[in-house]
Amino acid sequence: MRRGSVGVAWDRLARRGGRAAATGSEGGAGGASADGEGDDGRERLLALERDCQALRLELGEERAALARLRGDVARERGEAAGRVAEAGRARVAGVLAGAASAVQQLVTQAHLVEVERRGPAVGDVVAVASRLVRALEAGGLERVGGVGERAAFDRAAHEPLDVAAALAPGAAVVIRFVGIAFDGELLRKAGVEPAPEPVPERGA
């Protein structure tokens, strides 16, 4: 693996610093050579200063690059969150568009009953309600169980209609209100009541 420019600069500084220290320790060896050694030491110090300056510049550039990278990551996260939110809005809009007609008719039927005191035909109300349910199912709504079905009581999926009923897990129950789920997540438990005891056959 190649070392970064900062690591290389540190190596140069270490080598030159070592040479400068070695030169300083040998400074008392002779008068004539001392001047030459002093010149070499000054040159090495100047080189070290140049390397330090270059290192500071490189560090500044790397900090700036890191800041730009963090900004890019934050911007991409924001854009991704916006795309998810937009997709969610589009999905909800599709569901509401499918249910709009049924909702219109239900509002009208409610007006006839509450304001004009005219009762709508039962068949019309059931038809409108069925259309509304189908529109919601097209958007991901799921029915769990069916009205009148017998099932084994499960606290995670069933809710007794009579809070006083002591239902043990696995007890026979009848579904009176279906459960509601969305994308596999249970939103509303099915309303159940104890299943009636089977009537014994005559002559048994």
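To convert, note that position 41 of the sequence shown is 172 in the numbering used here; the numbers rise steadily by one, no gaps.
Virtual Cβ for every residue (Gly too), placed ideally from N, Cα, C.
Just so we're clear, the structure is a prediction, and the values are computed from it rather than from any experiment.
Kindly list the residues whose CB is nearer than 7 Å to the CB of residue i, restricted to its own chain and excluding five residues on each side of it in sequence; keep chain order.
{"i": "Lys320", "result": "Ala288, His289, Glu290, Gly310"}
{"i": "Arg133", "result": "Interpretation of Arg133 is limited by its pLDDT of 46, a score under 50 that renders its predicted location unreliable; no figure is taken from the coordinates."}
{"i": "Gly271", "result": "Phe313, Asp314"}
Under 8 Å by Cβ, that's how I've got residue i and residue j pegged, so tell me the actual separation to the nearest angstrom.
{"i": "Ile306", "j": "Ala282", "result": "6 Å"}
{"i": "Leu263", "j": "Ala230", "result": "5 Å"}
{"i": "Ala303", "j": "Ala326", "result": "4 Å"}
{"i": "Val226", "j": "Gln240", "result": "That pair is no contact at about 21 Å."}
Is it right to say residue i is buried, meaning 16 or more other beta carbons lie within 10 angstroms of its own, or is it exposed?
{"i": "Val323", "result": "buried"}
{"i": "Ala196", "result": "exposed"}
{"i": "Leu177", "result": "exposed"}
{"i": "Ala233", "result": "buried"}
By the three-class DSSP mapping on this structure, what secondary structure does residue i have?
{"i": "Asp255", "result": "helix"}
{"i": "Arg286", "result": "coil"}
{"i": "Arg262", "result": "helix"}
{"i": "Leu272", "result": "strand"}
{"i": "Ala302", "result": "coil"}
{"i": "Leu292", "result": "coil"}
{"i": "Arg281", "result": "strand"}
{"i": "Gly213", "result": "helix"}
{"i": "Arg249", "result": "coil"}
{"i": "Ala297", "result": "coil"}
Looking only at DSSP bridge pairs, what is residue i linked to?
{"i": "Glu324", "result": "Val305"}
{"i": "Glu316", "result": "Phe313"}
Please work out which residues of its chain come closer than 8 Å, Cβ to Cβ, to residue i, disregarding the five sequence neighbours upstream and downstream, and give them in chain order.
{"i": "Gly338", "result": "Absent from the structure is residue 338, since the part of the chain shown begins at 132 and ends at 335."}
{"i": "Asp243", "result": "The sequence shown places Leu at residue 243, rather than the Asp named in the question. Excluding residues within five positions, the ones whose Cβ falls inside 8 Å are Arg249, Gly250, Pro251."}
{"i": "Ala109", "result": "Given that the chain is displayed from residue 132 to residue 335, the structure contains no residue 109 and the question cannot be resolved."}
Near residue i, which residues of its chain fall below 6 Å by C-beta distance, leaving aside the five closest residues on each side in sequence?
{"i": "Arg274", "result": "Val309"}
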